[in-house]
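Participant: The following block contains the structure, expressed as structure tokens.
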Amino acid sequence: MSYDLYLDFKSRVRMEDIFEFFAARANYKANGSQIIYENGLTGVYFMLNFSEEKKGFLRKNDIKAHININYCRPSFFGLEAEIEIADLLKRFPCQIHDPQMNGMGDGPYSREGFLRGWNAGNEFGIEAVLSQSSDPILHLPSSQLHKTWHWNYSRPLRQARCGNRQFVPQVLYMLISGRVRTVAVWGDALPAILPEVDFILLARQENGNSVFGYMPWDEVTDLLNANGYHCETDGFNLDYTAPPARIGDFIRDFTPADRSELTRLSPDRILDEELVQQQLAARQK
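Listed below in structure tokens is the structure:
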């Protein structure tokens, strides 16, 4: 099941201009007449399929596109896809057709209309999966998913601002003790901006090998507070040139974790807890 949006571009739009537009943007890859969007930081992906009907000499060709976004995904898939679609439509005028039950019909396009149709369809997709499968469903609260998505989506900009002075980690999803947790990697006590997560994944080098451990956020907070650092809006701003002795000692001495305890999860598998609970409650009535 998927969200489908159809675009009929105005006659003055050329296919080569469309493909140049995507080539200049991050996270797009062309495969023939298909354009694939995939953001390795957020986990969001979707496809655009283009077709061009030749109209003959001195006549403009008809260019159409079909945007396809999978359902049964975390709600931030819709948020990120909307940003990309809106930028495309700002650059190239077109007629839209949105066949979703709660969609925009033949337009005009709007952020609210897109998200209304996407969210309604995604909710239906989650309901269908829950009715067909007894497998455990991975989920987190929407607020936590959106916070993590926003951090990862803006990470390139944050890292560019920090340059080589500080490391800006990606927030990962991991299964720890049977529960979905948000995790950020902090290796070798490097200067970094550490976002608020459930666990910090610690790392150091021993005899040429990487050794990992993990530490709950409240314990990380205690360690950093004791060294004069305090959590701000974006987390801990560790702007030292060399780690304070107590932080360096801790990283050198932490107890390694069994790697079997840590399972990284693909972001597209983590659904909104509220939607999952809503559907489960409806099935019990």
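Position 269 of the sequence shown, counted from 1, bears residue number 405 in my numbering, the numbering being contiguous throughout.
Note that the Cβ used here is the ideal one computed from N, Cα and C, for glycine as well.
1. Tell me the DSSP secondary structure of Gln302 in three-state form.
2. Nearest-angstrom Cα distance between Thr377 and Val333?
3. Going along the chain, which residues of its own chain have a beta-carbon closer than 7 Å to the beta-carbon of Arg388, five neighbours each way excluded?
4. Find the nearest neighbour of Ala159 within the set Ile171, Arg150 and Arg148, judged by alpha-carbon distance.
5. Distance, Cα to Cα, Tyr139 vs Leu416?
6. Less than 8 Å between the CB atoms is what I'm expecting for Tyr173 and Asn163, so what's the real figure, rounded?
7. Quick one: Cα of Ser279 to Cα of Asp223, how far?
8. Using alpha carbons as the reference points, say which of Ser313, Phe250, Leu308 and Phe212 lies closest to Val319.
9. Please classify Ile203: does DSSP put it in a helix, a strand, or coil?
10. For a test of the three-state rule: what should DSSP assign to Ser279, helix, strand or coil?
11. From Tyr289 to Thr178, what distance separates their C-alpha atoms?
12. Closest to Leu141 by CA distance: which of Asn363, Pro392, Glu218 and Ile336 is it?
13. So what's Pro428 in DSSP terms, helix, strand or just coil?
14. Please report the Cβ distance between Leu281 and Asp408, rounded to the nearest whole angstrom; I am assuming they are in contact, meaning their Cβ atoms lie under 8 Å.
15. Taking the runs of the beta strand (DSSP E) that are 3 residues or longer, which of them lie wholly in the region 331-408?
16. Measure from the alpha carbon of Asp234 to the alpha carbon of each residue in Pro272, His202 and Ala166, then state which is nearest.
17. Determine the DSSP secondary structure at Arg284, reduced to helix, strand or coil.
18. My understanding is that Ile406 touches Val316, with C-beta atoms under 8 Å, so please give their C-beta distance in whole angstroms.
19. Quick check on this structure: which residue in Leu293, Asp153 and Asn258 has the alpha carbon closest to the alpha carbon of Phe212?
Facilitator: The structure says:
1. coil
2. 24 Å
3. Arg340, listed in sequence order.
4. It is Ile171.
5. 23 Å
6. 6 Å
7. Here the alpha carbons of Asp223 and Ser279 stand approximately 25 Å from one another.
8. Leu308
9. strand
10. If DSSP states are grouped into helix, strand and coil, Ser279 belongs with the helices.
11. 6 Å
12. Glu218
13. Nothing about residue 428 can be reported from this structure: the residues present for the chain run from 137 to 421 only.
14. 6 Å
15. 335-342, 345-352, 372-374 and 399-401
16. Sorting Pro272, His202 and Ala166 by C-alpha distance to the C-alpha of Asp234 places His202 at the top.
17. Rather than Arg, the amino acid found at residue 284 in this sequence is Thr. Looking at Thr284 - three-state DSSP - the assignment turns out to be helix.
18. Contact check for Ile406 and Val316: beta-carbon distance about 6 Å, within the 8 Å limit, so the pair qualifies.
19. Asn258
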